[in-house]
Amino acid sequence: MVLLSYHLDDAQLVVELSDAVDLDNEAAIERELLRLMPCCGPSTLIVDVVTPLLTARALGVLLRVRADAEQRGVSLAVVARFQTAREVLSAAALNRILRVAHTLAGAELRSRGCLPGAEAPEEPRPSGLRERLKRRTQGADGPGPGTRAVGPYAATSLPRLPRER
Numbered sequence: 012m013v014l015l016s017y018h019l020d021d022a023q024l025v026v027e028l029s030d031a032v033d034l035d036n037e038a039a040i041e042r043e044l045l046r047l048m049p050c051c052g053p054s055t056l057i058v059d060v061v062t063p064l065l066t067a068r069a070l071g072v073l074l075r076v077r078a079d080a081e082q083r084g085v086s087l088a089v090v091a092r093f094q095t096a097r098e099v100l101s102a103a104a105l106n107r108i109l110r111v112a113h114t115l116a117g118a119e120l121r122s123r124g125c126l127p128g129a130e131a132p133e134e135p136r137p138s139g140l141r142e143r144l145k146r147r148t149q150g151a152d153g154p155g156p157g158t159r160a161v162g163p164y165a166a167t168s169l170p171r172l173p174r175e176r
């Protein structure tokens, strides 16, 4: 099996995974990924998952390739372009381990150790429940009386306030 691969620069190799990984092609895809990852070449391997179907066998291949890359000192990142592929990776709790990104630019950042979401500009968050409760419980001079949380989860939960009438 031949996988499409190209260099972004001297240190980054991108390999496109365009077929669904199943019992018949699992070993061939893994061999090809390991063959493309040279021992002294690029320091980053980016696997671009172009298919929306990400099987359990594909996850196994990605994890085994990641383990081999780690032994060689190569950083691995995964681009999951389709929402279904991202949901599978998220459900398997592999987002952080495989450094999953939505785009190729995001995968470049993730392979350097940046946090997820670094590719998108920061948008102001709308005022949520916590901010509304904070405004409601604080007066002009700071926290007012009765704003202390009580109960078994007082240290971790928001105070429950009775409705004002």
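For reference, each letter of the sequence shown is one residue, going 12 to 176 in this note's numbering. We treat Cβ as the ideally placed atom computed from N, Cα and C, and that holds for glycine.
| Query | Result |
| --- | --- |
| Reducing DSSP to helix, strand and coil, say where residue 90 ends up. | strand |
| Could you give the residue range of the alpha helix (DSSP H) that holds residue 105? | Segment: none, residue 105 is in no alpha helix (DSSP H) and carries neither H nor E. |
| Does the beta-carbon distance from residue 87 to residue 56 come in below 7 angstroms? | yes |
| Runs of 4 residues minimum, wholly inside the segment 16-92: which ones carry the alpha helix (DSSP H) assignment? | 37-47, 67-83 |
| Should the segment 29-37 be regarded as contacting the segment 91-99, the criterion being three or more beta carbon pairs within less than 8 angstroms? | no |
| I'd like the list of long-range same chain contacts for residue 121, defined as Cβ closer than 6 angstroms, with 5 residues on each side in sequence excluded. | 88, 110, 112 |
| Quick check on residue 15: buried or exposed, where buried means 16 or more other Cβ atoms within 10 Å of its Cβ? | exposed |
| Alpha carbons only, please: which of 63, 58, 35 is nearest the one belonging to residue 74? | 58 |
| Going by DSSP in three states, residue 97 sits in which element: helix, strand or coil? | helix |
| Give a yes or no on whether the C-beta atoms belonging to residue 45 and residue 79 are separated by under 7 angstroms. | yes |
| Can you tell which of 114, 107, 69 has the C-alpha that lies nearest to the C-alpha of residue 39? | 69 |
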